[in-house]
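Peer 1:
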Amino acid sequence: MLSVSGTRNSDYDGFSRRNFLHLGAPVLGLGLADLLKIRALAKETVRPKTNKSLIVFWTHGGMSQQDTYDMKPNAPAEYRGMYRPIATSVSDIHVTERFPMQAKVMQHISQVRSVHHENGIHAPSAHWMQTGYFGPTLARNAPQKPSFGSVIARTVGAHAKHMPPYVTIPKSEAFGYQGAVYLGKSYNPFEVGTDPNSKYFKIPNLALPEGLTLKSVESRRELLKKFDTLNRDVDKSGVIEGLDSFKTQALEMVTGERVRKAFDLSSEDTRLRDQYGRHKYGQSALLARRLVEAGSSCVTINTGYWDHHDAIEKGLEEQLPPLDRAIATLIQDLEQRGMLQDVLIFCAGEFGRTPMINGHAGRDHWSNCFTVMFAGGGIEGGRVVGASEKFGGGVVERKTTPMDLLATIYQKLGIPLDTHFNDASGRPTSIIDTGQPIRELS
Amino acid sequence: MFRFNKMLNFTEWHPLVAWLIVCVLMLLNADLQATENTTRIKLDQPEQKIYFLTDVVPVLTKLNCNSGGCHGKSTGQNGFKISLLGFDPELDYAAISLEARGRRISPADPDRSLLLSKAIGRVPHGGGKLLKIDSEDYKVLREWIRQGAPGPDPDAPVLLRIDLSPGDQVLKQNSNLKLQVVAHFSDGSQRDVSRQAVYESNYPEVATIDKQGLVTTQSRGGLFAVMARFGDQIAVFQGVVPYNSSEASQHKAYPSPRKLSKIDQHLVAQWKKLGITPSSPADDATFIRRVTLDICGTLPTADEVTAYLSDTSPDKRQRLIDRLLERPEYASYFALKWADILQNRGSGYSTSKQRAGTMLFSAWIRDSLLSNKPYDRFVSEILTATGSQAENPPAIWYRSVRNTSNYVESIAQCFLGVRIQCAQCHHHPAERWSENDYYAFAAIFSRVGRKGGFADAEVPTNEIIYLKNKGDVRNPRTRELMQPRPLGGPDFSISRFDDPRQSLAKWMTSPENPFFARTMVNRMWGHFFGRGIIHPIDDARSTNPPTNPALIEELAHDFSTNGYDVKRLIRVITNSSAYQLSSVPNQTNQEDTQCFARYYPKRLSAEILLDGISQVLDVPTIFPGGPGQFPEGMRAVNLPDENVRLNFLDAFGRPSRTSACECERTDAPALSQALELVNSNEIQRKMTDKNGYVERLGTNTKSHSENVRAIFLRTFSRNPRAAEEKMAVEYLNSEKSRQEGYRSLLWALLATNEFMMNH
């Protein structure tokens, strides 16, 4: 078992003396020897040797599976929706006519059509899909578990020294559940801040201001180390820990060229920029590619709101074509650069949408059976895992849980599935408890 | 387009009838199906009457059928819609017994009822198999159907209250406690409903609760509350889990009760229960920095620190607090806080002429604080504001707060500490608030009229607020006409010549009001301690109880019986021993984050941090808009609204003032903040300004030692330790350029946690 401490504020890398005694208690079934082993392991580096990264297209609000990947052309009109399926590069796979570009690279794309969880409200569902765990309740809606992005930031880290490991474009979403929680605030995502398609897109303060030299930054860094001596034990909120880590990171970032270059979309060939699409999705996908190329290990693109309770057609007409272009171009671009094996692409939201169209020409929340998409990263493409019922309502084959999806991601990124972190109560909590990687994608 | 009726016919034979219920909160499996012998319904006595409201609905609630993810959501689930958490039994009864051509229940052959055959999974069900055929819940539902599925019965005993036992307790870590819930009915009967009640813990890190009402404490100390709900009744259990055995904490370390204020006595009582000893008192240098930042939002100057440290009088802390409260910076700092809460917003009005209005409102707030206007009057003037906004600045509040939901939600959250948003569409699931409460409250504002308007005004902001003759609010679901009534208050009996807002202000600010004083004292406590006694500070619920009820009552009583004197309230809080504790934890209180046994450090908020840097470097910020826009040398804290672009302020969590929630302002660390500090033009400019402090250090004739001591007093409000002074002087000697040396040193000190935190 691999175990990592959750906080830095107590003895034994997170196992405080008191917890130490409690952990020895029979309640948890851990003997002293086990505990010593955990402690020894905790001190080892857990950073897996991997060059894999993840790019996520997060369909915040819930994208309709039935109008995109899992079409039901033979269902009655009130189920099948307005789009027709089209053939793809894989003979027996059909997708919506609004995904013509993905259709051409379907040999790289696999779908899981049998994702299921048991909540139909945005926030708890987003928590479930982002963390693998059901969590927030009426009594408290605060996030309870770390997001997979933060887990990746903490375990894999950045592949290059100066890069932020975990980035969200343009900002974090998912109702506040894309953060690190007890992993520590320093594993929260770096928010890009603005739409990469905007002509004003720029990360502030990446270039040294005029008059400031590398040498003086260097001596400032040394001085800061000497004088930044406030007792770290005074803060339990994680603010100081976060400030420490971001200060270190910021100083590294500005002294290297790497980060500034990674964020500089203008250095990209304009034809490629056009190919990705001059819109939010396209330029975000291009930026994501540049970031993983430069060393980020998880980039999440938050693709706006897909909560189409009303007039779903209008919403999808606006959102599907640019999403299609962004995903398909990213796959092609990665392939041409020989990076597709190393970059896993994942497209999902907190749930799908009801199979039946409602009275407002929209679809409601549906977590009973919905589809997510994987591509690259060493998964087998051109596959369909699981199946939904005739009209899409339920899973008929291979029920897949949010945690199965996370286990698949972690496995592909080389993160041991029994990695543990101490939660806020000091209890070692597994990044995966009941989930299994989807072996059909291996 | 698909219509409801059509769908019902369709579902008669369609396999997708399967999906009557979909989502189930949490794990509903084995533990739910386990039968318990706590129920008092004797099913072997067929004459026992099963009531819809108190027997059937609770089963639907416990099984999550009526949860927000399933049939309880506003659109229902696949044609079956019941009310969220069972708060509308008439609707539920109609949905179950009448819709779907009555197939959901079948009294002639109860087991064939869809309600049952779905729940046990005999007929495919989207929500899965929820019940076992031999379970108590199944028997209850079956027996109800067999009795003819009677609807809500006006003669049925009414649920009056539920009792949760045992009462509040101290529990050991890693221990269990079974809670029992007893329902009391209007016919005098009682029933154990532990199995039917639903439970939630507000602090699962400290203690969890399962579906049967079994509390399990974890391997740490702390306070927690468990909510139990049955029908429309809620009861709360509060538990204390000691961090340490009482022997481990040294009671002798507590100050003697004689010396303690009432506030401190309430805290000490709790610390004893938790087995924690408070940290030692903060030293003078720490205290002057802390209290100056907390009251005035500024750093003390080097001279102030020196004078204070050499003062030997025993009441110097008290006198310092008094002095700070008289300074204009006090009013500026708290005006910033109130401008956030009152949403004094500059953006979003599609005109650039709004600055005059935000300045006017902001100045009115500042003047109110400066003159220590009693808090009840301050609030009343805002609530009842009438007339031209240009002449009566509090009416500017009505600029950002413009419609029914704005009025209700802003006032409830701002002044009553209640988040009532849920009740706009359904009964608040964790509270007593119903839709009628919401819309009756809204009715108070139904006659607020507006004339003129700012968009086309010659004079900026000249909207006029007046009382209309007419204006109704109806409950949108029942269409019932609502009489103006405040939350938890009486109906106002007023004529149409009276402004109901006057009655609201009177009700709200009366000393008997249960929310008003409590919300303000909690807000102020949260300001000084970094955490409310109720936390989050504007989310008072019976299910989110204060961590120290006696303490908050004490403060509220003191506040309301002393004329809502805000400065007095601040004195009471800042003169307490608790506020003056060190932030450095000891062995016993290091895990505590709820009980104020030490000072919890806070990061300086965006404006305060920027102003602090400006103060140390003696270079004011230049705000966009040119010199004509704001006075030269103005501090960020005095910005009238948020619509002044400054990346530094946004990176450090300045709110956009779009809600009444203080939570919009954040202190979460982020990489962009570090980049601002390390690498922004603004900081670089302040470091290199020809008239700034760095330049003066570089050209003065004082020794490095002398300068270093002055620098430490200026930034950290303390003298350097010997080792620090030595390190700094050594560095300065090693640096060829004197200016560059001081610049780097200052930069480093400003980037330390010690500078960025109030600790």
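As given, the protein sequences belong to chains A and B, one line each in that order.
Everything in the first sequence is counted per the numbering used here, starting at 10 for the first residue and increasing by one.
Everything in the second sequence is counted per the numbering used here, starting at -1 for the first residue and increasing by one.
Backbone N, C-alpha and C fix where the C-beta goes; we use that ideal spot for every residue, glycine too.
Only a predicted model underlies this, so the values are computations on that prediction, with no experimental measurement involved.
1. Return yes when the Cβ of Ser100/A is within less than 8 angstroms of the Cβ of Thr409/A, no when it is not.
2. Could you list which residues in chain A have their beta carbon closer than 9 angstroms to that of Val617/B, in chain order?
3. Can you give the Cα-Cα distance for Cys378/A and Tyr88/A, rounded to whole angstroms?
4. In terms of alpha-carbon separation, which member of Leu644/B, Tyr740/B, Glu722/B and Phe332/B lies closest to Lys700/B?
5. Can you tell me whether Glu456/B is helix, strand or coil according to DSSP?
6. Using the beta-carbon of each residue, which ones in chain B are nearer than 8 angstroms to Asp273/A?
7. Please confirm whether Phe199/A has its beta-carbon closer than 8 angstroms to some beta-carbon of chain B.
8. Can you find the residues in the same chain that come closer than 7 angstroms, C-beta to C-beta, to Leu41/B, ignoring five residues on each side of it along the sequence?
9. Hey, does Leu192/A have any beta-carbon neighbour from chain B nearer than 8 angstroms?
10. Whole angstroms is fine: what's the gap from Pro534/B's alpha carbon to Asp132/B's?
11. Distance, Cα to Cα, Gly415/B vs Pro392/B?
12. Just checking my contact of Val65/A with Ile310/A at CB under 8 angstroms: how many whole Å lie between their CB atoms?
13. Which full runs of the beta strand (DSSP E) of 3+ residues lie inside the region 438 to 508 of chain B, going along the chain?
14. Is Arg48/A close to chain B, meaning its C-beta is less than 8 angstroms from at least one C-beta of that chain?
15. Per DSSP, which residues does Gly385/A bridge with? Please list them.
16. Taking the beta strand (DSSP E) that Glu111/A falls in, what are its first and last residues?
17. Quick one: measure Cβ to Cβ for Ser159/A and Asn197/A, integer angstroms, because I've assumed they're closer than 8 angstroms.
18. Since Arg258/A meets chain B, which of its residues come closer than 8 angstroms, beta carbon to beta carbon?
19. Contact defined as beta carbons within less than 8 angstroms: I believe Lys170/A pairs with Asp351/A. What is the distance between those atoms, to the nearest angstrom?
20. Classify Lys257/B as buried or exposed, calling it buried when 16 or more other Cβ atoms lie within 10 Å of its own Cβ.
21. Check the Cβ-Cβ distances between Met115/A and every residue of chain B, and say whether any is below 8 angstroms.
22. Please report whether the beta-carbon of Gln737/B lies at a distance below 8 angstroms from any beta-carbon of chain A.
23. Determine whether the beta carbon atoms of Leu422/A and Thr140/A lie at a separation below 8 angstroms.
24. When you check each C-beta in the region 188 to 217 of chain B against every C-beta of chain A, which residues fall closer than 8 angstroms?
25. In terms of residues, what are the limits of the alpha helix (DSSP H) holding Lys116/B?
26. Indicate the three-state DSSP secondary structure (helix, strand or coil) for Trp315/A in the structure shown.
27. Give the DSSP-derived three-state secondary structure of Phe621/B in the structure shown.
28. Could you give the DSSP three-state label for Leu175/B: helix, strand or coil?
29. Check whether chain A comes within 8 angstroms of Lys71/B, counting only Cβ atoms and requiring the distance to be less than that.
30. Do you know whose CA, among Arg716/B, Ser742/B, Ser732/B and Glu752/B, lies nearest Ala305/B's CA?
31. Determine the contact status of Ala280/B and Tyr598/B, defining contact as a CB-CB distance below 8 angstroms.
32. List the residues of chain B whose Cβ lies closer than 7 angstroms to the Cβ of Asn240/A, in chain order.
33. Can you give me the Cβ contacts of Ile261/B inside the same chain, cut-off strictly under 8 angstroms, excluding the 5 residues immediately before and after it?
34. Could you check how far apart the C-beta atoms of Arg334/A and Gly291/A are, in whole angstroms? I think they sit under 8 angstroms.
35. What is the DSSP secondary structure of Gln231/B, counted as helix, strand or coil?
36. I want to verify the contact list: residues of chain B whose CB lies under 8 angstroms from the CB of Gly202/A, in sequence order.
Peer 2: Walking through what the data contain:
1. On the first sequence, residue 409/A is found 400 positions in, with the first residue counted as 1. On the first sequence, residue 100/A is found 91 positions in, with the first residue counted as 1. Not in contact: Thr409/A and Ser100/A (Cβ atoms no closer than 8 angstroms).
2. Numbered from its first residue, the second sequence carries residue 617/B at position 619. Chain A residues near Val617/B: none, gap ~15 angstroms exceeds 9 angstroms.
3. As a working note, residue 378/A is residue 369 in the first sequence. As a working note, residue 88/A is residue 79 in the first sequence. Roughly 14 angstroms between the two C-alpha positions.
4. Indexing the second sequence from 1 puts residue 700/B at position 702. When only C-alpha atoms are compared, the closest one is Tyr740/B.
5. As a position in the second sequence, residue 456/B is number 458, starting the count at 1. Legend: pLDDT at Glu456/B = 43, less than 50; position of this residue unreliable, value from coordinates given subsequently. It is coil, neither helix nor strand.
6. Numbered from 1 along the first sequence, position 264 holds the residue referred to as residue 273/A. What Asp273/A touches in chain B, judged by beta-carbon distance under 8 angstroms, is nothing: the nearest beta carbon there is about 15 angstroms away.
7. In the first sequence, counting from the first residue as 1, residue 199/A sits at position 190. Yes, Phe199/A lies at the interface with chain B (some Cβ there is under 8 angstroms from its Cβ).
8. Along the second sequence, one-based indexing puts residue 41/B at 43. Summary for Leu41/B: the model assigns pLDDT 49, below 50, so the residue's position carries little reliability; its value from the coordinates is reported in the next sentence. Result list for Leu41/B: Lys137 and Glu141, in chain order.
9. By 1-based counting over the first sequence, the position of residue 192/A is 183. Nearest CB-CB separation between Leu192/A and chain B: not below the 8 angstroms threshold.
10. Here residue 534/B corresponds to residue number 536 of the second sequence, with the count starting at 1. Here residue 132/B corresponds to residue number 134 of the second sequence, with the count starting at 1. Cα to Cα, the separation comes out at about 44 angstroms.
11. Sequence index remark: in the second sequence, residue 415/B carries index 417 (1-based). Sequence index remark: in the second sequence, residue 392/B carries index 394 (1-based). Approximately 21 angstroms between the Cα atoms of the pair.
12. Here the question's residue 65/A lines up with position 56 in the first sequence. Here the question's residue 310/A lines up with position 301 in the first sequence. Between Val65/A and Ile310/A a beta carbon distance of about 7 angstroms is seen, short of the 8 angstroms cut, so the two are scored as contacting.
13. Correct list: 446 to 450 and 461 to 465.
14. In the first sequence, the residue the question calls residue 48/A occupies position 39. With a pLDDT of only 38 at Arg48/A, under 50, the local geometry of the prediction cannot be trusted, and the value read off the model is given with reservation. At a cut-off of 8 angstroms between C-beta atoms, Arg48/A does not count as an interface residue with respect to chain B.
15. Position 376 of the first sequence holds residue 385/A. Here Gly385/A is bridged, per DSSP, to Leu353/A.
16. Counting from one through the first sequence, the residue named residue 111/A turns up at place 102. Note on residue identity: the sequence assigns Gln, not Glu, to residue 111/A. Segment Pro109 to Lys113 is the alpha helix (DSSP H) holding Gln111/A; no beta strand (DSSP E) there.
17. In the first sequence, residue 159/A corresponds to position 150, counting from 1. In the first sequence, residue 197/A corresponds to position 188, counting from 1. Indeed, because the Cβ distance is near 7 angstroms, the residues count as touching under 8 angstroms.
18. The count along the first sequence starts at 1 and reaches residue 258/A at position 249. Sequence check: residue 258/A is Gln here, not Arg. Neighbours of Gln258/A in chain B, taken as residues at a C-beta separation under 8 angstroms, are given in chain order as Leu669 and Ala672.
19. Looking up residue 170/A in the first sequence gives position 161. Looking up residue 351/A in the first sequence gives position 342. Not a contact, Cβ separation roughly 18 angstroms.
20. Position 259 of the second sequence holds residue 257/B. Classification of Lys257/B: exposed, given that the 10 Å Cβ count is below 16.
21. In the first sequence, the residue the question calls residue 115/A occupies position 106. Contacts with chain B at 8 angstroms (Cβ-Cβ) do not include Met115/A.
22. What you label residue 737/B is simply residue 739 of the second sequence in a count that begins at 1. Not an interface residue.
23. Here residue 422/A is taken as the residue at index 413 of the first sequence, counted from 1. Here residue 140/A is taken as the residue at index 131 of the first sequence, counted from 1. Not in contact: Leu422/A and Thr140/A (Cβ atoms no closer than 8 angstroms).
24. Against chain A - using a Cβ distance shorter than 8 angstroms - the residues of the region 188 to 217 of chain B are Glu198, Ser199, Asn200, Tyr201, Pro202, Glu203, Val204, Gln216 and Ser217.
25. In the second sequence, the residue the question calls residue 116/B occupies position 118. Element bounds for Lys116/B: Leu112 to Ala117.
26. Counted from its first residue, the first sequence places residue 315/A at position 306. When secondary structure is reduced to three states using DSSP, Trp315/A falls in the coil class, being assigned neither helix nor strand.
27. Here residue 621/B is taken as the residue at index 623 of the second sequence, counted from 1. Correct three-state label for Phe621/B: coil.
28. By 1-based counting over the second sequence, the position of residue 175/B is 177. Correct three-state label for Leu175/B: strand.
29. Walking along the second sequence from the start, residue 71/B turns up at place 73. Chain A contact via Cβ: present.
30. As a position in the second sequence, residue 305/B is number 307, starting the count at 1. Checking every option, the nearest Cα to that of Ala305/B belongs to Arg716/B.
31. Here residue 280/B corresponds to residue number 282 of the second sequence, with the count starting at 1. Here residue 598/B corresponds to residue number 600 of the second sequence, with the count starting at 1. With a cutoff of 8 angstroms on beta-carbon distance, Ala280/B and Tyr598/B are scored as not near each other.
32. Translated into the one-based positions of the first sequence, residue 240/A becomes position 231. For Asn240/A, the residues of chain B that pass the 7 angstroms Cβ criterion are Val582, in the order they occur in the chain.
33. What you label residue 261/B is simply residue 263 of the second sequence in a count that begins at 1. Closer than 8 angstroms at the Cβ level, and outside the excluded window around Ile261/B, lie Leu549, Glu552, Leu553, Val570, Ile571, Ser574 and Ala576.
34. Here the question's residue 334/A lines up with position 325 in the first sequence. Here the question's residue 291/A lines up with position 282 in the first sequence. Indeed, because the Cβ distance is near 6 angstroms, the residues count as touching under 8 angstroms.
35. Taking the first residue of the second sequence as position 1, residue 231/B is located at position 233. Of the three classes helix, strand and coil, the one that applies to Gln231/B here is strand, per DSSP.
36. The residue given as residue 202/A occupies position 193 in the first sequence. Those are Ser670, listed as they occur along chain B.
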